[in-house]
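Position 422 of the sequence shown, counting from 1, maps to 422 under UniProt numbering, and the rest follow consecutively.
C-beta: ideal position from N, C-alpha, C; glycine also.
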Amino acid sequence: MSSFGIGKTKEVIFSMEEGSVKMFLRGRPVPMLIPDELAPTYSLDTRSELPSSRLKLDWVYGYRGRDCRANLYLLPTGEVVYFVASVAVLYSVEEQRQRHYLGHNDDIKCLAVHPDMVTIATGQVAGTTKEGKPLPPHVRVWDSVSLSTLHVLGLGVFDRAVCCVAFSKSNGGNLLCAVDESNDHVLSVWDWAKESKVVDSKCSNEAVLVATFHPTDPSLLITCGKSHIYFWSLEGGSLSKRQGLFEKHEKPKYVLCVTFLEGGDVVTGDSGGNLYVWGKGGNRITQEVQGAHDGGVFALCALRDGTLVSGGGRDRRVVLWGSDYSKVQEVEVPEDFGPVRTVAEGRGDTLYVGTTRNSILLGSVHTGFSLLVQGHVEELWGLATHPSRAQFVTCGQDKLVHLWSSETHQPVWSRSIEVAATGHRDP
């Protein structure tokens, strides 16, 4: 230890003056404050024996809704599947039990469920090992019952991150499409069971938010995002695209979400708060609902009975639409949970709602929504466990402090503070 009270190893820096140890996780410094009773005698040279027990992941807190979409689904097992960080979570609400797919080595950005409702695909960002070696972005296809990895796609093919992924819905679901975050936002189509790429094509210079197959025609795909919607045809191993024509209609800054009606029509929601209906097989608007939401339409979901549900950004409303596109019923999500990010159909008339403030809600437009999963909204920088109770406290960049029960897995209380938290010190 130097005369300045600083000790250093290859990966750890100890500062006596600050009473902290700084470690580097994937190249980023993470400062950790040392408990007061240990600080005076703490040394990096002290070696403790490893405990004989092995840790097993029990519960994952939080959900990534802030910057991801279409990432919440109910499986036939009764489990809700979603992701946060590098973990895909399968959460049984009835049994209050989680299972976890842990095959990824960095953050997951997108998720899709195969028509068989068992096979899942998840795409991840590029990462770095602790030695500084690159971890390439890729798609993992896995079994939601056994949690075993079936296939890995695109190692060395994708750039930066995989932001969209989807299975074809007809033809046995044997195709998978993906979009990466390269400058050209390349759309690729894969025979996923053979781990072979069928074709790829430059999609857009702008951000791509959605890529999906038509539900009855596996040769038709749709992508949309900033300033565009494209209708793609997959024929003879090649992709061709037609741009959606807005003509007399207001062209939005972003086309945010897409769903399909029973007759094959396409419905989009956009940043202007409008719904547009695009006739089956065409690239022209046949019907519009102006001002469907105050602010962007962040989510669309076609229910089993054909009813259309939309979720709003600024207005935080979940709306049921009639066949004539009149509002049948609507409910507002509480302000604390934030704007609607995605809507998934549950059992009966229940809906699961993921929000941009990283919460998952359960309820209906008739009864309203209650909290199912809560998480921090920005990076989490402080964590401390209670010495005798099954509780722990977290704080982060979002200026929120949560006290959690590790028995119920829910917050006991939450408080907002005036400045972003960067750590904690035990009293």
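Query: Exposed or buried, which one is Gly132 when buried takes at least 16 other CB atoms within 10 Å?; Result: exposed
Query: Counting pairs of beta carbons, one from the segment 55-62 and one from the segment 34-45, are three or more of them closer than 8 Å?; Result: no
Query: Closest by CA to Cys395, which one among Ala292, Ser310 and Ala384?; Result: Ala384
Query: Looking only at C-alpha atoms, which of Gly338, Met32, Ala421 and Val289 sits nearest to Ser326?; Result: Val289
Query: Quick one: is Gly337 buried, meaning 16 or more other Cβ sit within 10 Å of its Cβ, or exposed?; Result: The sequence as given places Phe at residue 337; Gly does not occur at that position. So Phe337 counts as buried.
Query: At what residue ranges does the segment 55-108 contain a whole run of the beta strand (DSSP E), taking only runs of 3 or more?; Result: 79-84, 87-92 and 97-101
Query: Please identify the residue among Val297, Arg304 and His138 whose C-alpha is closest to the C-alpha of Gly313.; Result: Val297
Query: Find out if the Cβ-Cβ distance for the pair Leu275, Gly269 is shorter than 9 Å.; Result: yes
Query: For Trp59, which option in Asp106, Leu361 and Ala88 has the closest C-alpha, if you only look at C-alpha atoms?; Result: Ala88
Query: Mind listing, in chain order, the continuous beta strand (DSSP E) runs of no fewer than 3 residues lying wholly within the segment 171-200?; Result: 175-180 and 186-191
Query: What do you get for Trp413, buried or exposed, if any count of 16 or more other CB atoms within 10 angstroms of its CB means buried?; Result: exposed
Query: Answer with buried or exposed for Gly62, where buried requires no fewer than 16 other C-beta atoms within 10 angstroms of its C-beta.; Result: buried
Query: Counting along the chain, where does the beta strand (DSSP E) carrying Thr259 start and finish?; Result: Val255 to Phe260
Query: Can you check which of these residues, Gly279, Val210 and Arg357, is closest to Leu371 by C-alpha distance?; Result: Arg357
Query: Under a three-way DSSP split, which group does Phe337 fall into?; Result: helix
Query: Considering only residues of the same chain and omitting the five flanking positions on each side of Ala112, which have a CB-CB separation below 6 Å?; Result: Ala121, Val165, Ala166 and Phe167
Query: Identify whether Pro40 lies in helix, strand or coil by the three-state DSSP scheme.; Result: helix
Query: What are the start and end residues of each continuous beta strand (DSSP E) run of 3 or more residues lying completely inside the segment 309-370, in chain order?; Result: 317-321, 327-332, 340-345, 351-355 and 360-364
Query: Please work out which residues of its chain come closer than 7 Å, Cβ to Cβ, to Ser416, disregarding the five sequence neighbours upstream and downstream, and give them in chain order.; Result: Lys399 and Leu400
Query: Are the segment 249-258 and the segment 297-306 in contact at 8 Å, needing three or more beta carbon pairs?; Result: yes
Query: According to the neighbour-count rule (16 or more other Cβ atoms, all chains shown, within 10 Å of its Cβ), is Thr367 buried or exposed?; Result: exposed
Query: Please classify Ser406: does DSSP put it in a helix, a strand, or coil?; Result: coil
Query: Rounded to whole angstroms, what's the CA-CA distance from Val152 to Gln98? Just pull it up for me.; Result: 24 Å
Query: Inspect the beta-carbon positions of Arg140 and Gly173 and report whether they are closer than 9 Å.; Result: no
Query: Suppose the cutoff is 6 Å on Cβ atoms and the five residues either side in sequence are ignored; what does the same chain contact list for Ser2 look like?; Result: Because Ser2 carries a pLDDT of 34, less than 50, the predicted location of this residue cannot be relied on, and the following value inherits that uncertainty. Cβ neighbours of Ser2 beyond the five flanking positions: none.
Query: Write down the C-beta distance between Pro218 and Ser170 rounded to the nearest angstrom, noting that I regard them as a contact closer than 8 Å.; Result: 5 Å
Query: So, at 8 Å on beta carbons, what are the nonlocal neighbours of Leu220 in its own chain, with the 5 sequence-adjacent residues on each side left out?; Result: Phe213, His214, Phe231, Trp232, Ser233, Leu234 and Gly281
Query: Considering just the uninterrupted stretch of the beta strand (DSSP E) at His151, what are its terminal residues?; Result: Thr149 to Leu153
Query: On the DSSP bridge list, what partners appear for Ile229?; Result: Cys224
Query: Distance, Cα to Cα, His293 vs Arg317?; Result: 8 Å
Query: Buried or exposed: Ala344, going by 16 or more other Cβ atoms within 10 Å of its Cβ?; Result: buried
Query: Please identify the residue among Ser48, Leu50, Phe24 and Phe14 whose C-alpha is closest to the C-alpha of Ile34.; Result: Phe14
Query: DSSP beta-bridge partners for Ala121?; Result: Ala112 and Val141
Query: If we call anything under 9 Å between Cβ atoms a contact, is Lys130 one with Leu25?; Result: yes
Query: Tell me Ala292's beta-bridge partners as DSSP assigns them.; Result: BP columns for Ala292 are empty, so no partner.
Query: DSSP three-state call for residue 439: helix, strand or coil?; Result: With the chain covering 1 to 427 only, the question about residue 439 has no answer from this structure.
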